[in-house]
Amino acid sequence: MKLRDYQKWASDAAFNWVTSSIDPCLIDAATGAGKSLIISDLASRIHEVSGKRILCTAPSKELVEQNHEKYLATGAKASIFSASIRKDLRYPVVFATPQTVVNSLHRFGDYAAIIADEAHGITPTMTRIIESMRGHNPNIRVVGCTATPYRTGTGYIFRNHYEHGRVPEDQAVDPFFHTLVYSVGARYLIDRGFLTPPIVGGVDEHYDTSGLVMKSNGQWDQSTVDAAFQGRGRLTSQIVADVVARSRDRKGVMFFAATVQHAAEIMESLPPHNARIITGGTNKKERERIIRDFKARRFKYLVNVAVLTTGFDAEHVDVIALLRATESPGLLQQIIGRGTRLCDDKDDFLVLDYAENIERHFPHGDIFEPVIKVRARTEGEGIDATCEICHHVNNFGARPNPEGYPIDKAGYFTDLTGARIETAQGLPMPAHFGRRCEGETLVGGKHQRCHYKWSYKECPECQAENDIAARYCGVCKGELVDPNEKLKELAAKISTDPYRTRTEPVQAMMVQSWPKPGDGPDTIRVTYEIAGMSQTVSEWFSPDSEHSYARKMWADFSVMAFGEVLARDDAVRVQPIIPDLLVFRKERGNKYFKVVNKIWPEQSPVSTSSRQPLSESSSVAGQR
2 MKLRDYQKWA SDAAFNWVTS SIDPCLIDAA TGAGKSLIIS DLASRIHEVS GKRILCTAPS
62 KELVEQNHEK YLATGAKASI FSASIRKDLR YPVVFATPQT VVNSLHRFGD YAAIIADEAH
122 GITPTMTRII ESMRGHNPNI RVVGCTATPY RTGTGYIFRN HYEHGRVPED QAVDPFFHTL
182 VYSVGARYLI DRGFLTPPIV GGVDEHYDTS GLVMKSNGQW DQSTVDAAFQ GRGRLTSQIV
242 ADVVARSRDR KGVMFFAATV QHAAEIMESL PPHNARIITG GTNKKERERI IRDFKARRFK
302 YLVNVAVLTT GFDAEHVDVI ALLRATESPG LLQQIIGRGT RLCDDKDDFL VLDYAENIER
362 HFPHGDIFEP VIKVRARTEG EGIDATCEIC HHVNNFGARP NPEGYPIDKA GYFTDLTGAR
422 IETAQGLPMP AHFGRRCEGE TLVGGKHQRC HYKWSYKECP ECQAENDIAA RYCGVCKGEL
482 VDPNEKLKEL AAKISTDPYR TRTEPVQAMM VQSWPKPGDG PDTIRVTYEI AGMSQTVSEW
542 FSPDSEHSYA RKMWADFSVM AFGEVLARDD AVRVQPIIPD LLVFRKERGN KYFKVVNKIW
602 PEQSPVSTSS RQPLSESSSV AGQR
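Residue 2 is where the sequence shown starts when you use the working numbering, and the numbers rise one by one after that.
Dropping the structure here:
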């Protein structure tokens, strides 16, 4: 068995991973890349170095047989354990279907590795198998292979990319695989001459899929599918006629229908002697006969309903006719992949989409570059947050920041002095939605995640740090829920808002003559010292201004501070009365405070005994 260069690179990448780490890894190889050869080579190498058995799973009988056949090309023997074929465990490398394995878990003990084909479908059955076999060997390796490393609604099925690093949390929700160790795409293989290039044909007629409704499980609501595709006799016959006309000089045509009834309606418009149909209800022997005849080119048109989307290869297929809506871009890529196989006298293959799938999943027009839609992102654009323990630079979705708080390097909100704003629990408030550092260290073959947390609940009983969403302490099991927590956090946020209007006691006040730039008359600067603030608050008056409103502002202040309207030179020599309270705020885009109002002693019961004017030698003199 001779591998192509990229197949060897994929096998090497996975082998290098499993020799250093016990975390699950993934290979992304486009349909037609030869995953069977990669799996066979990797299984052989792991068995050779470990001396233990290897389990290779695939979701269908056809894939199990295909992968088994490729392994035999290594010159070694292998077993098949699938109820629809045979159940044999004589040889150390076993190719199996998950459902057959899960029904006989007691027969699967100390294995070195599990290699899972079509790994985007890590089902509860597969996770049960993995956990059971980990009971026999805690260090069992798990390697996945897939052409579509993502799932509807939850995004990518790996946490780290070997080139691009950490996948954002909102693009990979609870992924099973730790790292994607290698990827080879369809475009690369087409450019290298290993796959057949597609041609996307424009269509004049198509089904209206705007009324399709997707259920919470990621599947179309069946009633809306029936309404969109069934009983559209005239439209269906026109579409089938279009496919037939455009396939006149083609070799093999695969129709993908929406329902069994819809498939039957398609068949009504095809020449009976040259068309066959396969559905989930087609019996095993009949299905095998139809597939065998199609591959032998005994008929041209093969209609199917959700049974030949993966694991089916007929090299001569050069037309893919989509008369159904696919729920996910992964399924659509699997369907399109039925036409990518190389074949003599096959220069390209034609993709005809009559159900608006390409527009839905490939809005950019490239049928090998889908838009992966995941859980709706509720937070803002990402911000960098450097861990204060391991110094890993994380990127998390930003919290709303309408107040314009500064953000420090570690990703915390700060006030204008650089001090971190605290929550009601006395913890620094993160400027993002990240909870825990994503940095990792390889220890004993296992990637251990850094324990630094930005957001956590401290247990009042044992002081253990718990996830912010936890209801009970993971150490002492005490209850952590505080129904007023959000209200307290909001109150703490408001109390440290630098842009809110504040009313604070005045500790001291200083009146100074202040030169005005240019040729205008000098002004008066009044500086207030506020309790608990290192920064003073100032305002300016123009007693000699040519504007009446400016002179009135000074007159109003002077009467309250001196009992009469004083000239500028006199005001700086007389000890003033100090306001009890100052009302002020910071204007957005300005680092200085604006005085809104003053509460003078006769207007307030606040004592003035401890307050005094500021002298020119005061530590705050001249500050702004």
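Every residue, glycine too, gets a C-beta built ideally from N, C-alpha and C.
Asked	Found
Backbone CA spacing between Ala-322 and Phe-414 [nearest angstrom]	55 angstroms
Assigned exposure category for Tyr-473 - 16 Cβ within 10 Å defines buried	exposed
The segment 586-597 in contact with the segment 498-507 per 3-pair CB rule at 8 angstroms	yes
Gly-76 burial status per 10 Å Cβ neighbour count (16 or more: buried)	exposed
Which of helix, strand or coil DSSP assigns to Trp-18	helix
Proximity below 7 angstroms, CB of Asn-68 to CB of Phe-109	no
Reduced DSSP secondary structure (H/G/I, E/B, other) of Arg-5	coil
Beta carbon of Ala-44 nearer than 7 angstroms to that of Val-94	yes
Identity of the residue in Asn-402, Glu-439, Ile-578 nearest Ile-422 by Cα	Asn-402
Proximity of Ile-158 and Pro-150 at Cβ, strictly below 7 angstroms	yes
Contact under 7 angstroms by Cβ, Tyr-112 with Arg-54	yes
CB contact flag (Ile-384, His-433, <7 angstroms)	yes
Closest residue to Phe-16 among Val-50, Asp-29, Ala-31 (Cα-Cα distance)	Val-50
Test item: CB-CB of Ala-315 and Ala-187 under 7 angstroms	no
Contacting residues, own chain, Cβ-Cβ under 7 angstroms from Leu-90 (five flanking each side not counted)	Ser-80, Phe-82, Arg-108
Neighbourhood of Ala-551 by C-beta distance below 6 angstroms, restricted to the same chain and skipping five residues each side	Ser-543
Completely contained alpha helix (DSSP H) runs for the segment 228-292, where each covers 4 or more residues	234-247, 261-269
Euclidean distance between Cα positions of Ile-278 and Leu-303	6 angstroms
Burial state of Pro-139, where buried means 16 or more other Cβ atoms lie within 10 Å	exposed
Identity of the residues DSSP links to Val-476 by a beta bridge	Paired residue(s): none; Val-476 is not in a bridge.
Length-filtered (3 minimum) beta strand (DSSP E) runs lying within the segment 99-175	112-118, 142-147, 159-162
Limits of the alpha helix (DSSP H) - the one that Gln-513 falls within	No alpha helix (DSSP H) holds Gln-513; the beta strand (DSSP E) holding it covers 503-515.
For Thr-210, three-class secondary structure by DSSP	coil
Which listed residue (Glu-63, Asn-161, Thr-153) has its alpha carbon closest to that of Cys-26	Asn-161
Per-residue burial, Asp-118 [other beta carbons within 10 Å of its own, 16 or more giving buried]	buried
As assigned by DSSP and simplified to three states, the class of Val-306	coil
Selection from Ile-267, Leu-417, Arg-293 that minimises the alpha carbon distance to Phe-594	Leu-417
Whole-angstrom C-beta distance between Leu-324 and Ile-240, which should lie under 8 angstroms	6 angstroms
Supposed close pair Gly-202, Leu-351 - CB separation, criterion 8 angstroms	5 angstroms
Simplified DSSP assignment, three categories, for Lys-62	helix
Glu-266 classed as buried or exposed, judged by whether at least 16 other C-beta atoms fall within 10 angstroms	buried
Residue burial classification, Gln-576 (beta-carbon count within 10 angstroms, cutoff 16)	exposed
Reduced DSSP category for Val-538 - H, G, I as helix; E, B as strand; rest coil	strand
Whole-number beta carbon distance between Val-527 and Val-507, since they are thought to touch under 8 angstroms	The pair is not a contact, with the Cβ atoms about 11 angstroms apart (cut-off 8 angstroms).
Counted within 10 angstroms of its Cβ, other Cβ atoms place Gln-464 as buried (16 or more) or exposed	exposed
Inter-residue Cα distance where the pair is Glu-357 and Asp-29	26 angstroms
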